[in-house]
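Undergrad:
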Amino acid sequence: MGTPRWELPARAGTASSGRCGGSCARPEVTQPPGGSFGPPPDKEGPEIPSGAAALPQPPGPARVPAESEGCRLCAVGWRLLGAKCYWISDGMNPWNRSREDCRDRGSELLMPRDQDELEFLNESLQNPTRHFWIGLSVPVAGTGWMWENGSDLGQERFQLELGKEPGSCGTLRGNGISPQSCASTLQWICQKESIEI
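Numbering (the working numbering), first residue to last: 1 to 197.
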């Protein structure tokens, strides 16, 4: 009889969407004959009756097949696009509450890198007529548009014309970014890095 193999189950609530480069298999743990890995390494094993053979020790930690490199996962309810996970709200909130909600989810409001990513998101999300809060605002008078991570907007990366009025926050609509009063209630998009397995 061959050595039994056991697949590690996916943790509940952690993997709903994902993609893999090539074929992707879950990690496998090889169990030695007899169904036991033996005692933990820091403990002495039980006495073995005379005439009985000791069980072999495990070959090492769980083995992950090489073909699993490049597999990316997102949590349940999140959408995988590229290397990021995106969560789209159903409800509506002002910009500050939307930002807090993303932080509570271990993420941040959407911060697209450039016009290409903006267009990719628009095509993928298929929501060209609605406005969504993103992580862009004019925090105080005298400053320009800033991303949530503190960096400047870099308008040369986007096709847009925005004023610099304090209390304005950025929204994604179609292929562009437009200003809106931060007090308005809109849907929002959170982003975070996907998990590579």
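Think of the CB as a built atom: it goes at the ideal place given N, C-alpha and C, for glycine as much as any other residue.
In this text the structure is predicted, and so the values were computed from the model without any measurement.
#1: Among the residues of its own chain, which have a CB less than 6 Å from the CB of I195, if the five just before and after it don't count?
#2: If I'm right that S98 touches Q191 with Cβ under 8 Å, what's the distance once you round it to whole angstroms?
#3: Take the Cβ of S137 as the centre, count every other Cβ of all protein chains shown within 10 Å, and call the residue buried at 16 or more, exposed below.
#4: Once the 5 residues before and after K84 are set aside, which same chain residues still bring their CB inside 8 Å of it?
#5: Kindly list the residues whose CB is nearer than 8 Å to the CB of M146, restricted to its own chain and excluding five residues on each side of it in sequence; keep chain order.
#6: Can you tell me whether N96 is helix, strand or coil according to DSSP?
#7: For N93 versus N175, is the C-beta spacing smaller than 7 Å?
#8: Alpha carbon to alpha carbon, how far is M111 from V76? Give it in angstroms, no decimals.
#9: How is Q115 classed by DSSP in three states: helix, strand or coil?
#10: Classify D104 as helix, strand or coil using the three-state DSSP reduction.
#11: How big is the Cα-Cα spacing for C169 and W78?
#12: Using CA coordinates, which residue listed in W95, Y86 and W188 is at the minimum distance from C182?
#13: From Q57 to F132, what distance separates their C-alpha atoms?
#14: Which same chain residues end up closer than 7 Å to T185 when comparing Cβ atoms and leaving out the 5 residues on each side of it in sequence?
#15: Excluding the 5 residues preceding and the 5 following G144 in the sequence, name in chain order all residues of the same chain whose CB lies nearer than 8 Å to its CB.
#16: From R173, I189 and W188, pick the residue whose C-alpha is nearest to that of Q115; which is it?
#17: With respect to the beta strand (DSSP E) encompassing C169, which residues constitute its N-terminal and C-terminal limits?
TA: Inspection of the coordinates gives the following:
#1: L73
#2: 12 Å between Cβ atoms; not a contact.
#3: buried
#4: Excluding positions up to five away in sequence, the list reads Q191, K192, E193 and S194.
#5: Apart from the 5 residues on each side of it in sequence, M146 sits with its Cβ closer than 8 Å to the Cβ of L136, S137, V138, P139, D152 and L153 in its chain, given in chain order.
#6: helix
#7: No, the Cβ-Cβ distance between N93 and N175 is not below 7 Å.
#8: Distance between the alpha carbons of V76 and M111: 21 Å.
#9: It is helical.
#10: The three-state reading of DSSP puts D104 in helix, counting H, G and I together.
#11: 24 Å
#12: A check of alpha carbon separations from C182 across W95, Y86 and W188 identifies W95 as the nearest.
#13: Confidence is the limiting factor: at Q57 the pLDDT is only 44, short of 50, which leaves the residue's position unreliable, though a coordinate-based value still follows. Their backbone Cα atoms lie some 55 Å apart in a straight line.
#14: M92, N93 and P94
#15: V138, D152, L153 and K164
#16: Among R173, I189 and W188, the Cα nearest to that of Q115 belongs to R173.
#17: S168 to R173
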